[in-house]
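A.B. asks:
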Amino acid sequence: MQRARPPLHISPTMMETKVGGITDVPTGSENSTKYEELARFAVQDYNHKQNALLEFVKVLNVKEQVVAGTMYYITLEAIDGGKKKIYETKIWVKEWENFKEVQEFKLVGDAPQS
78 MQRARPPLHI SPTMMETKVG GITDVPTGSE NSTKYEELAR FAVQDYNHKQ
128 NALLEFVKVL NVKEQVVAGT MYYITLEAID GGKKKIYETK IWVKEWENFK
178 EVQEFKLVGD APQS
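Using the numbering used here, the first residue of the sequence shown is number 78, and each one after it goes up by one.
See below:
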């Protein structure tokens, strides 16, 4: 005879997080050192591969996805030829292997004038 299992409790927070889903980082944390370092890494990688001279300015938005490691989707601002522009990058990180790779880096458009 099997014992009855207690009911499974799923909190509202657990309901919002989809396994493998892309989630926003908490507001304000996009300016953390961790995300800035990843954004700078992506800009340096782009500069090296494209023989470009982009200059990192700031992180605008970050999303994360749990994969075999973590995929970071970062929207950033960088200066290209004296003009501020918006870029999106996708960076795959496996911290336990000391692995970090830029999967995608693309221009979105000009930054709004401030």
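By construction, the Cβ of each residue, glycine as well, lies at the ideal position given by its N, Cα and C atoms.
All figures in this text were calculated on a predicted structure; none of them were measured in a lab.
1) Can you tell which of Phe133, Thr110, Ser109 has the C-alpha that lies nearest to the C-alpha of Val120?
2) Does DSSP classify Ala119 as helix, strand or coil?
3) What do you reckon, are the CB atoms on Glu165 and Phe176 nearer than 9 Å?
4) Compare the C-alpha of Gly97 against each of Leu115, Thr152, Glu141, Leu130 and name the closest.
5) Taking only the alpha-carbon atoms, compute the straight-line gap between Glu154 and Ala145 and give it to the nearest angstrom.
6) Let me check one thing: in DSSP terms, what residues is Ala155 bridge-paired to?
7) Between the C-alpha atoms of His269 and Lys135, what's the straight-line distance to the nearest angstrom?
8) Contact check, Lys162 vs Leu184 under 8 Å by CB: the rounded distance?
9) Rounded to whole angstroms, how far is the Cβ of Tyr112 from the Cβ of Val139, which I believe are closer than 8 Å?
10) Label Leu131 either buried or exposed according to how many other C-beta atoms from any shown protein chain fall within 10 Å of its C-beta, with 16 as the threshold for buried.
11) Please confirm whether Lys171 and Ile151 have their CB atoms less than 9 Å apart.
C.D. replies: Taking the geometry as given:
1) Phe133
2) helix
3) no
4) Glu141
5) 28 Å
6) Phe133, Lys162
7) Not covered by the structure: residue 269. The range shown for the chain is 78 to 191.
8) 6 Å
9) 5 Å
10) buried
11) Result no, Cβ atoms of Lys171 and Ile151 do not sit closer than 9 Å.
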